[in-house]
Amino acid sequence: MDLLENTVHTDKHPIQSFIYEWIDAAVVSLIAVVFLFTFIFSIVGISGTSMLNTLQNNDIVILSRLFYEPKYGDIVVISRNYTNDEKMIIDNENKPIIKRVIATEGQKVDIKNGKAWVDGVPLDEAAYTRTDTQITEDVKFPVTVPKGCIFVMGDNRADSHDSRSTEIGMVDKRFVLGEAIVRVFPFDQFKNLDTVK
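Anchor point for the sequence shown: position 186 equals 291 in my numbering, and the numbering is continuous, going up by one each time.
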């Protein structure tokens, strides 16, 4: 009698068991993906040419946003809701913008001889900038980045509205959605963006 009680019962329906296991794994995976892309990562499409040649129009990047603190060289995505220029919000349909962090709070930014300078040191940006850095007429340099803000510029300096203009100005870090960490589309141009600094 003891022998019968200790006998392992085999599943009479192995296909049904397999289907339940597969559905269970699929549900757990789906929950994990939803969690990741709700709280940690985001997918963002690039619109415009201000980040050429690093990023092209219609590229798609993955954004990391968990406990992110902007630092020099990072490519960041910024909410357009912070601007006071209502016309710009309407014209750009409130789409986020993508730029490179040049300086953080307390740093002094200057633009001279076609180069960006931070705290008196010229930045070596030859690996990613297309053109010389020029000054727009509405911001007087040098400037000091206020507390809680960052100074950003597009890599395509001749065709970028960024912190050199009062349209964008210094960006409050609260409106930084996160750091662009990898380009995933087009698939043949997959690229780790953390190496482009």
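Using N, Cα and C, we set each Cβ at its ideal position, and we do this for glycine too.
Note that the coordinates shown come from a computational prediction; the quantities given were computed from them, not determined experimentally.
Under the three-state reduction of DSSP, Pro227 is assigned to strand.
Put simply, the segment 199–206 touches the segment 167–186. At least three CB pairs are less than 8 angstroms apart. Leu135: member of the alpha helix (DSSP H) spanning 119–140, first to last residue.
For a cut-off of 8 angstroms, the C-beta gap from Phe290 to Ile165 is around 4 angstroms, short enough to register as a contact.
In this structure, DSSP gives Leu171 a state outside helix and strand, which the three-state scheme calls coil. In this structure, the alpha-carbon of Glu272 lies about 7 angstroms from that of His266. Under the 10 Å beta carbon count, Gly259 is surrounded by 16 or more other beta carbons and is classified as buried.
In the structure shown, the three-state DSSP call for Arg185 is helix.
Distance between His118 and Leu298, taken at the CA atoms: about 50 angstroms. The three-state reading of DSSP puts Arg279 in helix, counting H, G and I together. The beta carbon of Thr249 sits closer than 8 angstroms to the beta carbons of Gly211, Gln212, Lys213, Val214 from its chain, once the five residues preceding and following it are set aside; these are given in chain order. Separation of the CB atoms of Gly219 and Asp237 is rounded to 3 angstroms, and the pair is thereby assigned contact status at 8 angstroms. Its Cα nearest to that of Tyr177, the residue Val206 stands out among Ser155, Leu168, Val206, Ile136. Looking at the DSSP output, Asp215 bridges to Trp222. For Ser147, the enclosing beta strand (DSSP E) begins and ends at 146–150. In this structure, the alpha-carbon of Met156 lies about 13 angstroms from that of Gly150. Residue burial annotation: Gly253 is exposed, with fewer than 16 other C-beta atoms found within 10 angstroms of its C-beta.
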